[in-house]
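Novice: Can you read through this structure? Questions will come right after.
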Amino acid sequence: MSKHDYLMDGHKLLWHLDRVSAWQAGELVAPIYVEISPVSYCNHRCQFCGLDFAQAERISLDTAETCHSLKEMARFGVKSVMFAGEGEPLLHPGLPEMVAAAKESGLDVSITTNGSLGTQEIWQSIIPHLSWLRFSVDAGSPEVYARVHGVGLAAYEKTLESIRQALQVRDSSGSNCTIGVQFLLIRDNLPDLSQAIQLFGSMGVDYLSLKPYSEHPQMLNKNDFTYDADAIASIDTIVERYQGIFPGTAVIFRKAATNAYATGSAAFNHCHALPFWGYISSRGDFYTCSVFLNDLRFSVGNISQDTMQEILFGVRRRNSVTYGSEELAIGHECRVNCRMARINEFLELLSSQPQHVNFI
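The number in our numbering is simply the position in the sequence shown, starting from 1, with 357 added.
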């Protein structure tokens, strides 16, 4: 594999077959990956924000409690964490401490951020601990960025400078942190796509990921944007035009995921993915699925009230996992092509054992 093989349009459970085998044997396994929301609030008002419904209050995780929980998660088998969530993670003053605690505990650590608050000092304290850092920019010009992110025109250059500083800190420190940019494909920013590829390719980010838009069932500002064959072909043509022009930057069009959104239906009937990931909200609640915030079917404990052993291996999580695989109405309740879609397709295949499996 090359350094640009990120497998963003697939899944990586094939590298965790021991955990999959334990799940097949009926064991309640620890998640491989956990997303963490340090704060509930944000300094941007993105028109596509799937968690806008969660930003009414200013809530944040306790730094000491979170650091303790990170150490416990690592002890029980969690492999990686991403700081992102309901709000902008850089708004939490304790983020550098939490990132360091996660890394020191043996976890792989990542951050998804709008990046506007990044400074040389912040990146120096964070980047040495990260596996990857992703900036959600979604534009190639100040005007489009202002419209899409709900900010002033000056915010775009501030974000670009933050990315430049992150790259400089990474390169000067000898860190292996991958630094990428995400471009969520929506109606208002599609005319900016070529400009964005040129801009971020010339900056030398490791990748520019072109991600399809997905409507969260609870989001307030819904967007009726959908993908048809012409739109997908147009994006594909633009991406092909720039392949190889910026050899240090991979332009990744998540075409399989975009096609899945275009069909509007899931390629699986059961959610088997819940044992393999989790989500910690800004209130400290642990969910088996981030789509169902404030839904007791998927809330299995709280890091300030319950031990991590109780959360990960207790009856509430077992019941939630069982509910997801046996009762959750995929076509009715879930978002189209959710984050665990490729994993669910794989696990459903494993769960539907054919005859004579030893004749490979």
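Where is the CB? At the ideal position from N, CA and C, for every residue including glycine.
All values derive from a computational prediction rather than experimental measurement.
Let me check understanding here. Comparing Cα to Cα, which of A431, N546, E429, E414 lies closest to Q404?
Specialist: Translated into the one-based positions of the sequence shown, residue 404 becomes position 47. When each option's Cα is compared against that of Q404, the closest is N546.
Novice: If A523 sits next to L490, beta carbons under 8 Å apart, how far is it from one beta carbon to the other, in whole angstroms?
Specialist: For this step, residue 523 is matched to residue 166 along the sequence shown. For this step, residue 490 is matched to residue 133 along the sequence shown. So it is a contact: roughly 6 Å between Cβ atoms.
Novice: Can you find at least 3 beta carbon pairs, one from the region 694–714 and one from the region 617–636, that sit closer than 8 Å?
Specialist: With a cut-off of 8 Å, the region 617–636 and the region 694–714 count as touching, because enough Cβ pairs lie within range.
Novice: Can you check the region 379–438 for any beta strand (DSSP E) of at least 3 residues that lies completely inside it and give the ranges in chain order?
Specialist: 390–393
Novice: Determine the closest residue to T535 out of I484, L385, S462, with distance taken between C-alpha atoms.
Specialist: As a working mapping, residue 535 is identified with position 178 in the sequence shown. T535 has its Cα closest to that of I484, out of I484, L385, S462.
Novice: Determine which residues share a DSSP beta bridge with R491 and list them.
Specialist: Taking the sequence shown and counting its residues from 1, the one referred to as residue 491 is at position 134. T469, G537.
Novice: Looking at the strands, I want to know which residues DSSP matches up with P569.
Specialist: Walking along the sequence shown from the start, residue 569 turns up at place 212. L542, per the DSSP bridge assignment.
Novice: Which class does S708 belong to by DSSP, given the choice of helix, strand or coil?
Specialist: Counting from 1 along the sequence shown, the entry for residue 708 is found at position 351. Collapsing the DSSP output to three states places S708 in a helix.
Novice: With DSSP collapsed to three states, give me the class of M358.
Specialist: Here the question's residue 358 lines up with position 1 in the sequence shown. Residue confidence is low: M358 scores 36 on pLDDT, short of 50, so the model does not pin down where it sits. Its coordinate-derived value is still stated next. If DSSP states are grouped into helix, strand and coil, M358 belongs with coil.
Novice: Give me the residue from I687, G688, L653 with the minimum Cα distance to R674.
Specialist: The residue you call residue 674 lines up with position 317 of the sequence shown. When only C-alpha atoms are compared, the closest one is L653.
Novice: With C-beta atoms as the reference, is S677 less than 8 Å away from C628?
Specialist: What you label residue 677 is simply residue 320 of the sequence shown in a count that begins at 1. What you label residue 628 is simply residue 271 of the sequence shown in a count that begins at 1. No, the pair does not count as a contact, with Cβ atoms beyond the cut-off.
Novice: Quick check on this structure: which residue in D585, A382, I389 has the alpha carbon closest to the alpha carbon of W372?
Specialist: Residue 372 sits at position 15 when you count from the first residue of the sequence shown. When C-alpha distances from W372 are compared across D585, A382, I389, the shortest belongs to I389.
Novice: Give a yes or no on whether the C-beta atoms belonging to L447 and I416 are separated by under 8 Å.
Specialist: As a first step, residue 447 is located in the sequence shown; it is residue number 90 there, counting from the start. As a first step, residue 416 is located in the sequence shown; it is residue number 59 there, counting from the start. Against a cut-off of 8 Å, the Cβ pair of I416 and L447 comes out as no contact.
Novice: Is the beta carbon of N471 less than 8 Å from the beta carbon of H506?
Specialist: The residue labelled residue 471 in the question sits at position 114 within the sequence shown. The residue labelled residue 506 in the question sits at position 149 within the sequence shown. Their beta carbons are under 8 Å apart, which means N471 touches H506 by this criterion.
Novice: So, helix, strand or coil for A511, using DSSP?
Specialist: Numbered from its first residue, the sequence shown carries residue 511 at position 154. Correct three-state label for A511: coil.
Novice: Mind the definition here: the region 594–605 touches the region 364–379 only if three or more C-beta pairs lie below 8 Å; say whether that holds.
Specialist: They do not touch, by the three-pair rule.
Novice: Name the two residues that bound the continuous alpha helix (DSSP H) containing V456.
Specialist: The count along the sequence shown starts at 1 and reaches residue 456 at position 99. Its alpha helix (DSSP H) spans residues 452–461.
Novice: Rank A512, P569, A413 by C-alpha distance to the C-alpha of A614 and give the top, closest one.
Specialist: Residue mapping note: residue 614 aligns to position 257 of the sequence shown, counting from 1. Among A512, P569, A413, the Cα nearest to that of A614 is on P569.
Novice: So what does DSSP say about A607, is it helix, strand or coil?
Specialist: Reading the sequence shown from its first residue, position 250 is the one you call residue 607. DSSP places A607 in strand when its eight states are reduced to three.
Novice: Given this structure, state the Cα-to-Cα distance separating S639 from S647, to the nearest angstrom.
Specialist: Working through the sequence shown from its first residue, we reach residue 639 at position 282. Working through the sequence shown from its first residue, we reach residue 647 at position 290. The C-alpha of S647 is placed about 12 Å away from the C-alpha of S639.
Novice: Pick out the complete beta strand (DSSP E) segments inside the region 615–650, 3 residues or longer, and give them in chain order.
Specialist: You should have 634–637, 642–644.
Novice: CB E518 to CB L510, shorter than 8 Å?
Specialist: The residue given as residue 518 occupies position 161 in the sequence shown. The residue given as residue 510 occupies position 153 in the sequence shown. Taking C-beta atoms as the reference points, E518 and L510 fail to come closer than 8 Å.
Novice: Alpha carbon to alpha carbon, what distance is there between H425 and R376?
Specialist: Taking the first residue of the sequence shown as position 1, residue 376 is located at position 19. Taking the first residue of the sequence shown as position 1, residue 425 is located at position 68. Distance between the alpha carbons of R376 and H425: 24 Å.
Novice: Roughly how many angstroms separate the alpha carbons of P632 and L427, rounded to a whole number?
Specialist: On the sequence shown, residue 632 is found 275 positions in, with the first residue counted as 1. On the sequence shown, residue 427 is found 70 positions in, with the first residue counted as 1. Those two C-alpha atoms are separated by around 18 Å.
Novice: With N659 as the anchor, note down where its beta strand (DSSP E) starts and where it stops.
Specialist: Position 302 of the sequence shown, counted from the start, is the residue given in the question as residue 659. Its beta strand (DSSP E) spans residues 656–659.
Novice: Pick from F643, M560, L685: whose alpha carbon is nearest that of R521?
Specialist: As a working note, residue 521 is residue 164 in the sequence shown. The option with the nearest alpha carbon to R521 is M560.
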